[in-house]
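Student: Using the UniProt record's numbering, the first residue of the sequence shown is number 1, and each one after it goes up by one. The beta carbon of each residue, even a glycine, is placed where N, CA and C say it ideally should be. Remember, it's a predicted structure, so these values are computed and weren't measured experimentally. Below: one structure in structure tokens.
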Amino acid sequence: MSDTGDLPARIGSGSVARDDYALGKVPPTWRYRTSEIVLSLTGGATAAIFLSLPAGLAASFGIANVLVAIVYAVLVQTLLNVLYVKTASRTGLGSALMSRGLALGFDGAAWTTLLYWVSWLTYFATEGQILSSALSAQTGIPVKVSYLLVGLVFLPLVLYGLQFVAKFQKWTLYAYVVGLAALLVIVLSRADLSVTREFIAAHVGSVGGIGLLGAVASYNGLVGNVAFGHADMGRLLANDHSLVRSGRRGTLCVALLPYAFGAYVIAGAIGLLLWAASGGDANPGQYMVAIMGVGGFLLIVITQLRINLINAYSGSLSLANFFSRLRFTPGRSVWAVVMVVLGTLAMYLNVLDHLGTVLAVEGVLLAAWIGVSIADLLLVRGRGGHGPDNGRFIEYRRAMLRHWNWSGVVPLFAATVVGSFLAVGGLLGHLGGQVTLYLSNWVSFLIAGGLTWWLGTRARGRGYAIRPRIAWPREDLVVECPLDGEVVSTDDLFPCPYHKQWICSQDCMHTKECGDACRSMPEPVLVQIAQLPPRTPGLEAANARLRGKTRPPQTAARNADSASE
């Protein structure tokens, strides 16, 4: 029997299965086990970029500096992942909704979400180029035609939610592992090990200097994006208070195994070995086909399908959250199609050949965003206790949020401007050149974090919400939203004077005609106008389990009455 007893593992409609609560809080009735989240994340962790990036960096900065950068990336990535996965699982909020409450406000978080989407677009285009080069190498068709064909392949795959993603990643993982093992066997059996050792020795280099800064800066761009990606997956992770229960080490497994260990350590080592054995070819799409022929082509196809499915999924979440601010909410699957179309167009810009520079520049924004969120989460809330429920509750609902929380917006803007100025100046050869470019991420992070701590502490939580939380007056933890019928957490609901009932945050985002009337009404008036949704009979057992009871009180009472008769 499953750990949910007679209940299904998840309770939700077909629409939920496609969208995975893209615009709202994930309730405890729609969570996935640790193994399912880890398997889904391995789609990104097995991306060819983790084979090509260390090889490309080693060619520029030396193997020794790349190895130090990998150790740095593993440590920083694990710490960030643990923080974001734990917070996302506890709150049910992804990176976009979480950022609304973490010192940015409703509008402030919307713009960071759009810029975050650019990162996923970059990765989609990069991985698409690798797959396209393999397709052209195998078939002889022009690479620009391959770009179009690759984009068309992804269109039908991106329409489904995490249920499909988890199953797809599970079954293709076996083929990936077998294919990669076969590639290594072939390379090691054919390669002249003495030549390979000489090649490695010639490219080891020394540790330190501008080479180390460059390697670390390139990984910074990945680390920031991956951390927020873990938040987007972590919101779906089961915990001790969900219908499906997660093990004690669930957060650590999700934070460590797919990326910090799998992508950086395992894939990084394999990428360096294949780069050396191939005589310096850093493009897996080319050397896999050259070494294995049709088998190599199939391996790169599987690899790129896995990663770009994750890129498209995460990018669609970002687009859905940004355009929800404009009251345009066609659904996550629609934005997934838009993501694929724009990603295909971006392939023609040849992002792959400029990946290191792109990651360094993207890292400026991501570093500022991380600086704001960490300072708010750990220092302003954690240490200072400021914010709703002494900092424990992250407010994300349109009806409760201020449009801009200047405690985070000002630091984010200042850090991004200064960091971008240093990065662009470094790219153009000014302000210290490459040294300035590579340090721009750290400067951005420190400015954003320091200012957020200072401003947030001075504000004492006044910028988080327009009013104190309006408590849900019943004991049930999940209920069907009266407007769309979807199962939602009761702390996702808000009394709406326009609809004259409590509605979920997603329906609040859909409502365009209300004029934000709720924002100016006092709590007693709101509660009086808006009627509570009825109890949902079909959720009695789920609510009983979520409250730590084996069966609902009504059922227990009926059984007791029957026994007395």
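Could you work out which residue in P524, W502, L493, L212 is closest to V66 when comparing CA atoms only?
Tutor: It is L212 whose Cα lies nearest to the Cα of V66.
Student: Which residue spans inside the segment 111-185 form an unbroken beta strand (DSSP E) run of at least 3?
Tutor: Those beta strand (DSSP E) runs which fall completely within the segment 111-185 and span 3+ residues do not exist here.
Student: Output the distance between the C-alpha atoms of L39 and S119, rounded to the nearest integer angstrom.
Tutor: The alpha-carbon atoms of L39 and S119 are separated by roughly 22 Å.
Student: Sort R197, G179, H386 by Cα distance to V289 and report the nearest one.
Tutor: Of R197, G179, H386, the residue nearest in Cα terms is G179.
Student: Taking its Cβ as the centre, do 16 or more other Cβ atoms sit within 10 Å of F328, making it buried, or is it exposed?
Tutor: So F328 counts as exposed.
Student: Return the Cβ separation of T452 and D389 in integer angstroms, given the expectation that the two are a contact with Cβ distance under 8 Å.
Tutor: Between D389 and T452 the Cβ distance is about 20 Å, and since that is not below 8 Å, they are no contact.
Student: State whether the segment 502-514 contacts the segment 10-24, with contact taken as three or more CB pairs (one from each stretch) at a distance under 8 Å.
Tutor: Touching, per the Cβ criterion.
Student: Any idea what DSSP makes of N84, helix, strand or coil?
Tutor: Residue identity check: residue 84 is Tyr in the sequence provided, not Asn. Note: Y84 maps to helix in three-state DSSP.
Student: Assess, as a yes-or-no matter, whether the segment 60-74 is touched by the segment 201-218 under the definition of 3 or more beta carbon pairs within less than 8 Å.
Tutor: Verdict: yes, contact present.
Student: Report the three-state DSSP secondary structure of C504 (helix, strand or coil).
Tutor: Note: C504 maps to strand in three-state DSSP.
Student: Pull up the CB-CB distance for I394 and L93, whole angstroms please, since I reckon it's below 8 Å.
Tutor: Yes, I394 and L93 are in contact; Cβ-Cβ is about 6 Å, under 8 Å.
Student: For the beta strand (DSSP E) that contains V488, what are its first and last residues?
Tutor: Element bounds for V488: 487-489.
Student: Please go through the same chain and pick out, in chain order, the residues whose beta-carbon is closer than 6 Å to the beta-carbon of G44, but skip the five residues on each side of it.
Tutor: These residues qualify, in order along the chain: I307, I310.
Student: Nearest by alpha-carbon distance to V424: which of N441, L412, P411, G408 is it?
Tutor: Nearest option by C-alpha distance: N441.
Student: Does A64 come out as helix, strand or coil in the three-state DSSP assignment?
Tutor: In this structure, A64 counts as helix in the three-state DSSP scheme.
Student: Tell me whether I141 is buried or exposed, calling it buried when 16 or more other Cβ atoms sit within 10 Å of its Cβ.
Tutor: By the 10 Å Cβ count, I141 comes out exposed.
Student: Could you tell me the distance, in whole angstroms, from the CA atom of R18 to the CA atom of P284?
Tutor: Roughly 32 Å separates the two Cα atoms.
Student: How many angstroms separate the CA atom of V71 from the CA atom of L422?
Tutor: Those two C-alpha atoms are separated by around 26 Å.
Student: Does DSSP put Y72 in a helix, a strand or coil?
Tutor: Three-state DSSP puts Y72 in a helix.
Student: Between which two residues does the beta strand (DSSP E) holding E480 run?
Tutor: That run of the beta strand (DSSP E) goes 478-480.
Student: If you draw a straight line from the alpha carbon of M347 to that of G128, how long is it in whole angstroms?
Tutor: Straight-line Cα distance between these residues: approximately 7 Å.
Student: For the 8 Å Cβ check, are there 3 or more pairs between the segment 520-528 and the segment 49-62?
Tutor: The segment 520-528, when compared against the segment 49-62, does not touch it at the 8 Å Cβ threshold.
Student: Bridge partners for A465 per DSSP, in chain order?
Tutor: A465 is bridged to L401.
Student: If we count Cβ pairs, one from each stretch, closer than 8 Å, do we get three or more for the segment 398-417 versus the segment 473-480?
Tutor: No, because fewer than three Cβ pairs between the segment 398-417 and the segment 473-480 fall closer than 8 Å, the two stretches do not touch.
Student: Span of the alpha helix (DSSP H) holding residue 570?
Tutor: A query on residue 570 cannot be resolved here, the shown segment of the chain reaching from 1 to 565 and no further.
Student: Counting C-beta neighbours from all protein chains within 10 Å, is the total for V177 16 or more, i.e. buried, or is it exposed?
Tutor: Classification of V177: exposed, given that the 10 Å Cβ count is below 16.
Student: Going by alpha carbons, who is nearest to F228 out of V488, L365, C514, G429?
Tutor: The candidate whose alpha carbon is nearest that of F228 is L365.
Student: Specify the secondary structure class of Y32 as computed by DSSP and reduced to three states.
Tutor: In the structure shown, Y32 sits in a strand (DSSP, three-state: E or B).
Student: Using the DSSP secondary-structure output, state which residues sit across from F494 in a beta bridge.
Tutor: Partner(s): I503.
Student: Taking the alpha-carbon of L173 as reference, which of H230, K144, L539, L305 has the nearest alpha-carbon?
Tutor: Considering only alpha carbons, the answer is L305.
Student: In the DSSP assignment, find the alpha helix (DSSP H) that holds S242 and state where it starts and stops.
Tutor: It is not in any alpha helix (DSSP H) - S242 carries neither H nor E in the DSSP assignment.
Student: So for L57, helix, strand or coil by DSSP?
Tutor: Reduced to three states, the DSSP call for L57 is helix.
Student: Opposite Q531 in the DSSP bridges: which residues?
Tutor: Q501.
Student: Assign K86 to buried or exposed, taking buried as 16 or more other Cβ atoms, counted over all protein chains shown, within 10 Å of its Cβ.
Tutor: Buried: at least 16 other Cβ atoms inside 10 Å.
Student: Can you give me the start and stop residues for the alpha helix (DSSP H) that M292 sits inside?
Tutor: Residues 284-292.
Student: Once you ignore the five residues that flank T536 on each side, which residues in its own chain have a CB closer than 6 Å to its CB?
Tutor: Contacts found: V479, E480.
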